[in-house]
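Scroll down for the structure; my scribbles are underneath it.
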Amino acid sequence: MDILQNWIDERNLNSDLIEELRGKFEMAEPFEHLHIENFLKEEKANLLREALLEENFVYKENDLFSLSQTADLSECKNEVLKSFYLFLSSKEFSEFMKRITGIDVVSGALDVAGSLYRSGDYLLCHDDLIDDRRIAYLFYLCVNFEEKDGGRFLLFSEKGGKPWKAVKAQIPKWNSFMLFRVSRKSFHAVEENFSDKERLAIGGWLH
Amino acid sequence: MEHRVNGLYCYSGVLEQARANFMASHPKMIFFKEFFSRTFSENVWKKLSAEKGRRIYQAEKFSYEALDVPIELEDFAKSEFFIDFLQIILGKKIKEVSLEARRFSHKDYVLINGENFAGKRVDFFFLFCDNGWEEKFGGYTAYSKKDGEPIIFPVVNNSLAIISVEKDMEEFVKYIKHFAGGKKLVKIGGFVK
Chain A
27 MDILQNWIDE RNLNSDLIEE LRGKFEMAEP FEHLHIENFL KEEKANLLRE
77 ALLEENFVYK ENDLFSLSQT ADLSECKNEV LKSFYLFLSS KEFSEFMKRI
127 TGIDVVSGAL DVAGSLYRSG DYLLCHDDLI DDRRIAYLFY LCVNFEEKDG
177 GRFLLFSEKG GKPWKAVKAQ IPKWNSFMLF RVSRKSFHAV EENFSDKERL
227 AIGGWLH
Chain B
8 MEHRVNGLYC YSGVLEQARA NFMASHPKMI FFKEFFSRTF SENVWKKLSA
58 EKGRRIYQAE KFSYEALDVP IELEDFAKSE FFIDFLQIIL GKKIKEVSLE
108 ARRFSHKDYV LINGENFAGK RVDFFFLFCD NGWEEKFGGY TAYSKKDGEP
158 IIFPVVNNSL AIISVEKDME EFVKYIKHFA GGKKLVKIGG FVK
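Protein chains in written order, with my numbering: chain A, 27 to 233; chain B, 8 to 200.
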């Protein structure tokens, strides 16, 4: 089976939909991004969540954030996560990403880690612009988040090269895939988690 | 005797010990609890918590309310007592001090942003806050170097912190989390010339 078909819900591999997604990506405001619901096969998303919850999350904080993260999943021993890493590193996935974004990325050149935002955790506004990051991405594996819970992904408008205000707020829905072009405009944040729910995701950057 | 200040800090022996502690620490710093007299502290806090602030917000740098420094505190900071106090602690002559008041509540913060960084200097700040402030709320002022743990000054009502800022140190105020509810703190800080 094709590696994409193994992981991604077949509806998201439809050529017409891919073309539609590309259009949405290019026209998105305040900067190029996509939020695709029901992205992975449901059983794969469940397996990923179970596997990720077995990993060791290390709490980190500084002026910009309070959250917990796993080590890079390239070194992970869990079979499900290893398989997922291979999927993200594949030529097929980088080609898929090129089709929906128009952005060239090098297959295998990526960062992948699990993130966990518990009550009070947050990530303040920044643009991700470091080194050769091209696309930032997140697979949400959290359950039952609503607006009142916080933890939303905030996208900021830009004015004179600086973030202006949060103009879009994306609730981290179960089994959704969030991605955006890393640029001088890609100012974003993770709203504080006001709930006792755990905001779980796998994410990183494609280079 | 300076009636605005906790009587303990009017004794030369106490100040000499404070100076020794300041000089012996790395970086040089000191933290005074219950700095002002109770009456003075309560009057200042009443003014600071009631004052209408001006929202200052740049998402990638800071979020807080700017306040006018109460005249009582302005007068105190320029007083002979406080200048002498600082001179004893720092072991050097001081020409003037500057003051700025910022009020922080839930969702407020100051990030390390390069503009805070102004090279070697001596910072000081008075801190006032609502009762029951807990560490998990955030709101503390920290000084961070590229390597190593940050130096954190805890949020304690009626305190004074003094720190000799080294050239690669940067300051931030930790984001205040929802655990703080409606509680607030006011930091009245400045630097010494």
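Every residue, glycine too, gets a C-beta built ideally from N, C-alpha and C.
Host beta strand (DSSP E) of residue i (start-end)
i      : result
I37/B  : M36 to F39
S166/B : S166 to V172
M204/A : S202 to R207
S94/A  : F91 to Q95
F65/A  : First-last for F65/A: undefined, no H or E at that position.
Per-residue contacts from residue i into chain A (C-beta, under 9 Å)
i      : result
I119/B : N88, D89 and L90
K143/B : G146
Residue i versus the options, residue with shortest Cα-Cα distance
i      : options                           : result
E173/B : L15/B, R11/B and S32/B            : S32/B
S94/A  : E81/A, K103/A and R210/A          : E81/A
K70/A  : F113/A, D42/A and E46/A           : F113/A
I34/A  : M123/A, F51/A, K86/A and F57/A    : M123/A
E173/A : E46/A, Y166/A and K199/A          : K199/A
L164/A : K191/A, F182/A and Q196/A         : Q196/A
A241/A : H233/A, D137/A, F119/A and N170/A : Residue 241/A lies beyond the residue range present for chain A, which begins at 27 and ends at 233; the question has no answer from this structure.
G176/A : G146/B, S151/B and H185/B         : H185/B
E76/A  : A227/A, L232/A, H233/A and W231/A : A227/A
K190/B : F132/B, G139/B, E156/B and G14/B  : G139/B
Chain-ordered neighbours of residue i on chain B, where CB pairs are closer than 8 Å
i      : result
F213/A : A66 and E67
Amino acids of chain A, ordered along the chain, whose beta-carbon sits closer than 7 Å to that of residue i
i      : result
Y18/B  : Neighbours of Y18/B on chain A: none; closest Cβ ~38 Å, over 7 Å.
H185/B : G146, E218 and F220
F179/B : D89
Y182/B : Y148 and L150
Y219/B : What is shown of chain B runs 8 to 200, which leaves residue 219/B out entirely.
Extent of the continuous alpha helix (DSSP H) to which residue i belongs
i     : result
R48/A : S41 to M53
I78/B : I78 to A84
S48/B : R45 to A57
E23/B : S19 to A31
L30/A : I29 to W33
Per-residue contacts from residue i into chain B (C-beta, under 9 Å)
i      : result
K188/A : Q65, A66, E67 and K68
Under 7 Å from the C-beta of residue i: neighbouring residues of chain B
i      : result
F182/A : A66
Check: residue i C-beta below 7 Å from any heavy atom of the ligand GTP
i      : result
S133/A : Inclusion of the ligand GTP in the displayed structure is not the case, the ligand content being empty and no account of it being possible.
### Query
Which runs of the beta strand (DSSP E) spanning at least 3 residues fall entirely within the stretch 100-161 of chain A, listed in chain order?
136-143 and 148-152
### Message
Threshold first: 3 residues or longer. Then list the beta strand (DSSP E) segments lying entirely within the stretch 87-158 of chain B, N to C.
### Response
107-111, 128-136 and 148-151
### Message
Assess contact between the stretch 187-204 of chain A and the stretch 124-132 of chain A, defined as three or more Cβ pairs (one per stretch) separated by less than 8 Å. Is contact present?
### Response
no
### Task
Specify whether the stretch 173-192 of chain A and the stretch 104-112 of chain A touch according to this definition: at least 3 beta carbon pairs, one from each stretch, less than 8 Å apart.
no
#### Entry: Stretch-stretch touch, CB-based, cutoff 8 Å, three pairs: the stretch 136-147 of chain A with the stretch 214-231 of chain A
yes
### Query
Which residue spans inside the stretch 164-229 of chain A form an unbroken beta strand (DSSP E) run of at least 3?
179-185, 188-196, 202-207 and 214-216
### Query
Taking three-plus beta-carbon pairs below 8 Å as touching, is the stretch 101-116 of chain B in contact with the stretch 59-74 of chain B?
yes
### Query
If you pair each beta-carbon of the stretch 165-172 of chain B with each one of the stretch 38-52 of chain B, do three or more pairs fall below 8 Å?
yes
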